[in-house]
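In this note's numbering, the protein residues as written are 1 to 155.
Just so you know, even glycine gets a beta-carbon here, dropped at the ideal spot from N, CA and C.
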């Protein structure tokens, strides 16, 4: 077990915004409720030997029926984090894939709300996200993929 230290957010960066309305979107063509999914992806990059990392959170709003989607929205927020203390590999993975993205979510939520507030479709407020659950699901999917690849016969 490692001795956990501090996680310091040194600054945030808005690295990308993609907001496009669909030119042929017509509300009259939509039947029923529009199904929308919120996708969250994370990545990280070690910046130096001082335990500084750049962690990025990509937030995408994806409509189930792409043809009737009123808009496309993706926001990329990154943070520069300084980690203090000693972390073993498992703890470091949790910090970079769970803790840091959790600290970035309010910045992404604000950007999504501001962009959609100014649209004709109404404001969208991102809900709370359980990044631990997302991380565990991703690890499980990666393990299943590795297991399937090791079991499949060579051709």
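Endpoints, alpha helix (DSSP H) assigned at residue i
| i | result |
| --- | --- |
| residue 74 | No alpha helix (DSSP H) holds residue 74; the beta strand (DSSP E) holding it covers 71-83. |
Integer-rounded CB distance, given that residue j should sit under 8 Å from residue i
| i | j | result |
| --- | --- | --- |
| residue 112 | residue 126 | 6 Å |
| residue 83 | residue 7 | 6 Å |
| residue 73 | residue 19 | 5 Å |
| residue 128 | residue 57 | That belief does not hold up - the Cβ atoms of residue 128 and residue 57 are roughly 14 Å apart, past 8 Å. |
| residue 38 | residue 12 | That pair is no contact at about 20 Å. |
Residue i classed as buried or exposed, judged by whether at least 16 other C-beta atoms fall within 10 angstroms
| i | result |
| --- | --- |
| residue 14 | exposed |
| residue 17 | exposed |
| residue 2 | The pLDDT assigned to residue 2 is 45, lower than 50, so where the model puts this residue is not dependable, and the model offers no usable value. |
| residue 64 | exposed |
| residue 165 | The first residue shown for the chain is 1 and the last is 155, placing residue 165 beyond what the model contains. |
| residue 101 | buried |
| residue 123 | exposed |
First through last residue of the beta strand (DSSP E) which encompasses residue i
| i | result |
| --- | --- |
| residue 167 | Because the chain spans 1 through 155 in this model, residue 167 falls outside it and cannot be assessed. |
| residue 128 | Taken as a continuous stretch (DSSP letters only), residue 128 belongs to no beta strand (DSSP E), as it is neither H nor E. |
| residue 59 | 52-63 |
| residue 45 | 36-46 |
Beta-carbon gap between residue i and residue j smaller than 8 Å
| i | j | result |
| --- | --- | --- |
| residue 70 | residue 21 | yes |
| residue 54 | residue 80 | yes |
| residue 134 | residue 40 | yes |
Residue i: CB within 7 Å of a non-hydrogen atom of the ligand FMN
| i | result |
| --- | --- |
| residue 87 | The model depicted lacks the ligand FMN and carries no ligand whatsoever. |
Whole alpha helix (DSSP H) elements within the segment 78-126, 4-residue minimum: 89-94, 100-117
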